[in-house]
Amino acid sequence: MINIVQTYWSMLLRSMGQTLLLCLLSLIFAMIIGFIFALMNVGRNRFFNLVGTVYVDAVRGVPLIVLAYFIYFGLPSGIKAMGIQNFRLSALSAGTIALSMNCGAYMAEIIRAGIESVDRGQMEASRSLGLNYNKSMRLVVLPQAIRTMIPSIINQFIITLKDTSILSVIGFPELTNMGKTISGNTFKSLQTWAIVGIMYMIVIVTLSKVAKRIERRANRGR
Amino acid sequence: MEDKKVMVHVQNLKKNFGKLEVLKDISIDIQEGEVVVLLGPSGSGKSTFLRCLNQLEEATSGTIIIDGHNVTDKHTDINKVRENIGMVFQHFNLFAHKTVLQNITMAPIELKKMTKDEAREEGMRLLKRVGMHEKADIYPSQISGGQKQRVAIARSLAMKPDIMLFDEPTSALDPEMVGEVLAVMKELAAEGMTMVVVTHEIGFAREVADRVVFMDDGYIVEQGTPQDLILHPREARTIDFLNKVL
Chain A
1 MINIVQTYWS MLLRSMGQTL LLCLLSLIFA MIIGFIFALM NVGRNRFFNL VGTVYVDAVR
61 GVPLIVLAYF IYFGLPSGIK AMGIQNFRLS ALSAGTIALS MNCGAYMAEI IRAGIESVDR
121 GQMEASRSLG LNYNKSMRLV VLPQAIRTMI PSIINQFIIT LKDTSILSVI GFPELTNMGK
181 TISGNTFKSL QTWAIVGIMY MIVIVTLSKV AKRIERRANR GR
Chain B
223 MEDKKVMVHV QNLKKNFGKL EVLKDISIDI QEGEVVVLLG PSGSGKSTFL RCLNQLEEAT
283 SGTIIIDGHN VTDKHTDINK VRENIGMVFQ HFNLFAHKTV LQNITMAPIE LKKMTKDEAR
343 EEGMRLLKRV GMHEKADIYP SQISGGQKQR VAIARSLAMK PDIMLFDEPT SALDPEMVGE
403 VLAVMKELAA EGMTMVVVTH EIGFAREVAD RVVFMDDGYI VEQGTPQDLI LHPREARTID
463 FLNKVL
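These protein sequence lines map, in sequence, to chains A and B. One point on numbering: in the working numbering, the residue at position 158 of the first sequence is 158, and numbering is uninterrupted. To convert, count from 1 in the second sequence and add 222; that's the working numbering.
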């Protein structure tokens with residue numbers, strides 16, 4: 001085990017970096033996607049409601065691994081069939097898109113539930129003072145919704161971090177993929193996967209501890 | 223009595239929730255400075271009527287004109303009209319994430335009615351008026367129901383409304399806190415504010431109202447001065463209701 005760490009530590013760390021990069025990019029886009037579709041879903045516009053529902057249902061109804069294959073292999077071949085030759089999608093781009101879409105759908109549901117957990121009277125009071133819908137949402141509803149959403153969002157962050165491992169199937173050099181390479185080279189499966197597992201665990205446990213602190217701080221002024 | 227301007231003009235107002243007809247045919251005029259109390263059993267449509275006035279509920283049909291603005295017209299900027307219609311809710315609806323003072327200053331600042339300093343000054347003045355200036359910097363969760371409602375009234379007043387709507391403002395309060403809220407409302411009435419009040423406080427109606435309106439089943443059944451309506455009701459439904467609550 002120590003041998004493996006000694007030989008491969010820099011590659012392991014680099015692939016962990018790739019994992020974190022993929023996760024971070026996906027989370028940023030997922031937050032944006034989540035907010036957009038959640039706001040579509042809570043509004044009163046029937047068309048937007050439909051778009052929001054279809055997106056969430058479609059993405060949640062497809063396994064992430066299928067979504068990843070679809071975007072990495074399916075999309076470029078489809079575009080090629082349409083006559084555009086030079087279209088390429090890197091594993092990082094495809095992975096980020098797949099993961100953002102997936103995480104974004106769950107995020108949309110978390111944000112929608114958060115918004116709906118805020119008493120309707122808050123919106124009504126704000127509207128009755130003459131503030132329009134958008135201002136009321138931004139100044140009154142969302143600040144309160146975000147507090148209740150924090151635990152679920154953090155939970156989703158952790159799930160997404162773990163889901164990056166699924167993207168090893170499209171050849172993105174993240175940690176799990178590196179694990180495959182190392183165990184293939186050394187024939188030491190047990191040790192390799194133990195090391196990889198521990199690395200995930202360290203990062204995730206650290207993140208959840210930090211998250212707990214943020215959660216406590218957000219709840220303080222209540 | 224000299225001719226006063228009509229502040230609220232409602233004609234043939236109807237409101238359905240799906241198939242349920244809540245308001246069937248309401249017409250009423252309210253003068254500037256008038257205090258109108260709406261009485262009626264629960265489900266009679268009085269809260270819905272009040273919420274139609276500032277279009278928190280969209281009218282199904284009919285016309286509502288507030289201070290010259292037709293709020294039932296789709297082209298009216300309802301947000302602009304709402305700035306002049308204060309509303310006080312049964313459950314206070316103070317903004318939980320803002321301090322007492324911020325609750326009051328948010329709308330005037332956001333709607334560019336006042337600068338931050340002006341809003342704070344005005345906010346403190348209003349809080350003093352409702353006896354809450356010492357609680358300016360704490361959060362709504364730390365004050366009592368009666369105090370919350372007084373802050374809510376101050377919040378509405380900060381927009382300098384021409385009319386105030388009260389939707390059962392004391393119904394969610396412990397009995398010993400009702401008085402402090404009614405006292406603030408009485409003061410407002412004495413200063414000449416136009417008020418429409420949905421309440422079960424018959425005593426308040428008798429003492430403060432210029433006119434009492436009895437509603438039942440989506441209609442205005444009977445209206446008149448408190449003397450007439452409360453002491454000498456004519457309609458059977460009014461008599462029946464008053465017997466139950468008095």
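Here a beta-carbon is modelled for each residue, glycine too, at the ideal position from N, C-alpha and C. On a predicted model such as this, the values are computed, not experimentally measured, just so you know.
Looking at chain A, is there any beta carbon in it that lies within less than 7 Å of the beta carbon of residue i?
{"i": "residue 354 of chain B", "result": "no"}
{"i": "residue 343 of chain B", "result": "no"}
{"i": "residue 304 of chain B", "result": "yes"}
{"i": "residue 348 of chain B", "result": "no"}
{"i": "residue 319 of chain B", "result": "yes"}
{"i": "residue 333 of chain B", "result": "yes"}
{"i": "residue 323 of chain B", "result": "no"}
{"i": "residue 309 of chain B", "result": "yes"}
{"i": "residue 223 of chain B", "result": "Residue confidence is low: residue 223 of chain B scores 48 on pLDDT, short of 50, so the model does not pin down where it sits. Its coordinate-derived value is still stated next. Residue 223 of chain B does not count as touching chain A."}
{"i": "residue 281 of chain B", "result": "no"}
{"i": "residue 405 of chain B", "result": "no"}
{"i": "residue 329 of chain B", "result": "yes"}
{"i": "residue 234 of chain B", "result": "no"}
Rounded to a whole number of angstroms, what is the C-alpha to C-alpha distance between residue i and residue j?
{"i": "residue 361 of chain B", "j": "residue 320 of chain B", "result": "6 Å"}
{"i": "residue 142 of chain A", "j": "residue 355 of chain B", "result": "28 Å"}
{"i": "residue 72 of chain A", "j": "residue 137 of chain A", "result": "37 Å"}
{"i": "residue 59 of chain A", "j": "residue 375 of chain B", "result": "47 Å"}
{"i": "residue 278 of chain B", "j": "residue 463 of chain B", "result": "28 Å"}
{"i": "residue 287 of chain B", "j": "residue 451 of chain B", "result": "26 Å"}
{"i": "residue 458 of chain B", "j": "residue 435 of chain B", "result": "15 Å"}
{"i": "residue 217 of chain A", "j": "residue 325 of chain B", "result": "22 Å"}
{"i": "residue 111 of chain A", "j": "residue 467 of chain B", "result": "45 Å"}
{"i": "residue 230 of chain A", "j": "residue 201 of chain A", "result": "The question about residue 230 of chain A has no answer, for chain A in this structure spans 1 to 222."}
{"i": "residue 107 of chain A", "j": "residue 309 of chain B", "result": "35 Å"}
{"i": "residue 130 of chain A", "j": "residue 384 of chain B", "result": "13 Å"}
{"i": "residue 148 of chain A", "j": "residue 327 of chain B", "result": "25 Å"}
{"i": "residue 411 of chain B", "j": "residue 117 of chain A", "result": "36 Å"}
{"i": "residue 248 of chain B", "j": "residue 215 of chain A", "result": "50 Å"}
{"i": "residue 271 of chain B", "j": "residue 48 of chain A", "result": "30 Å"}
Taking C-beta to C-beta, are residue i and residue j nearer than 7 Å?
{"i": "residue 275 of chain B", "j": "residue 440 of chain B", "result": "no"}
{"i": "residue 166 of chain A", "j": "residue 64 of chain A", "result": "yes"}
{"i": "residue 358 of chain B", "j": "residue 403 of chain B", "result": "no"}
{"i": "residue 330 of chain B", "j": "residue 318 of chain B", "result": "no"}
{"i": "residue 22 of chain A", "j": "residue 181 of chain A", "result": "no"}
{"i": "residue 174 of chain A", "j": "residue 19 of chain A", "result": "yes"}
{"i": "residue 285 of chain B", "j": "residue 233 of chain B", "result": "yes"}
{"i": "residue 229 of chain B", "j": "residue 421 of chain B", "result": "no"}
{"i": "residue 312 of chain B", "j": "residue 394 of chain B", "result": "yes"}
{"i": "residue 30 of chain A", "j": "residue 100 of chain A", "result": "yes"}
{"i": "residue 192 of chain A", "j": "residue 184 of chain A", "result": "no"}
{"i": "residue 226 of chain B", "j": "residue 282 of chain B", "result": "no"}
{"i": "residue 121 of chain A", "j": "residue 145 of chain A", "result": "no"}
{"i": "residue 314 of chain B", "j": "residue 371 of chain B", "result": "yes"}
Quick one: is residue i near chain B, going by C-beta distance under 7 Å?
{"i": "residue 125 of chain A", "result": "yes"}
{"i": "residue 140 of chain A", "result": "yes"}
{"i": "residue 49 of chain A", "result": "no"}
{"i": "residue 6 of chain A", "result": "no"}
{"i": "residue 292 of chain A", "result": "What is shown of chain A runs 1 to 222, which leaves residue 292 of chain A out entirely."}
{"i": "residue 130 of chain A", "result": "yes"}
{"i": "residue 121 of chain A", "result": "yes"}
{"i": "residue 143 of chain A", "result": "yes"}
How would you call residue i, buried or exposed, if buried means at least 16 neighbouring beta carbons within 10 angstroms?
{"i": "residue 156 of chain A", "result": "buried"}
{"i": "residue 391 of chain B", "result": "buried"}
{"i": "residue 438 of chain B", "result": "buried"}
{"i": "residue 397 of chain B", "result": "exposed"}
{"i": "residue 460 of chain B", "result": "buried"}
{"i": "residue 26 of chain A", "result": "buried"}
{"i": "residue 223 of chain B", "result": "Any reading at residue 223 of chain B must be qualified, since the residue scores a pLDDT of 48, below 50, and its modelled position is unreliable; the value itself is stated next. So residue 223 of chain B ends up on the exposed side."}
{"i": "residue 378 of chain B", "result": "buried"}
{"i": "residue 82 of chain A", "result": "exposed"}
{"i": "residue 206 of chain A", "result": "exposed"}
{"i": "residue 182 of chain B", "result": "Beyond the ends of chain B as shown, which are 223 and 468, falls residue 182 of chain B; an answer cannot be given."}
{"i": "residue 87 of chain A", "result": "exposed"}
{"i": "residue 1 of chain A", "result": "exposed"}
{"i": "residue 123 of chain A", "result": "buried"}
Just to confirm, does residue i get its C-beta within under 6 Å of one of the non-hydrogen atoms of the ligand ATP?
{"i": "residue 216 of chain A", "result": "Looking for the ligand ATP in the displayed structure turns up nothing, as the structure carries no ligands at all."}
Query raised in the report: What are the complete beta strand (DSSP E) segments, minimum 3 residues, inside the stretch 335-406 of chain B?
Result: Whole beta strand (DSSP E) segments, 3+ residues: 385-389.
Query raised in the report: Unbroken beta strand (DSSP E) runs of length 3 or more, entirely within the stretch 251-321 of chain B: which are they?
Result: Whole beta strand (DSSP E) segments, 3+ residues: 257-261, 283-288, 307-310.
Query - Every unbroken alpha helix (DSSP H) inside the stretch 46-130 of chain A [4 residues or more] - result: For the stretch 46-130 of chain A, whole alpha helix (DSSP H) runs of length 4 or above, ordered along the chain, are 46-60, 64-69, 75-81, 91-117, 120-128.
Query raised in the report: Going along the chain, which unbroken runs of the beta strand (DSSP E) with 3 or more residues stay wholly within the stretch 149-191 of chain A?
Result: Runs of the beta strand (DSSP E) inside the stretch 149-191 of chain A: none found.
Report task. Only counting runs of 4 or more residues, tell me where the alpha helix (DSSP H) segments fall wholly within the stretch 418-456 of chain B, in order along the chain. Result -> If we require 4 residues or more, the alpha helix (DSSP H) runs fully inside the stretch 418-456 of chain B come out as 424-430.
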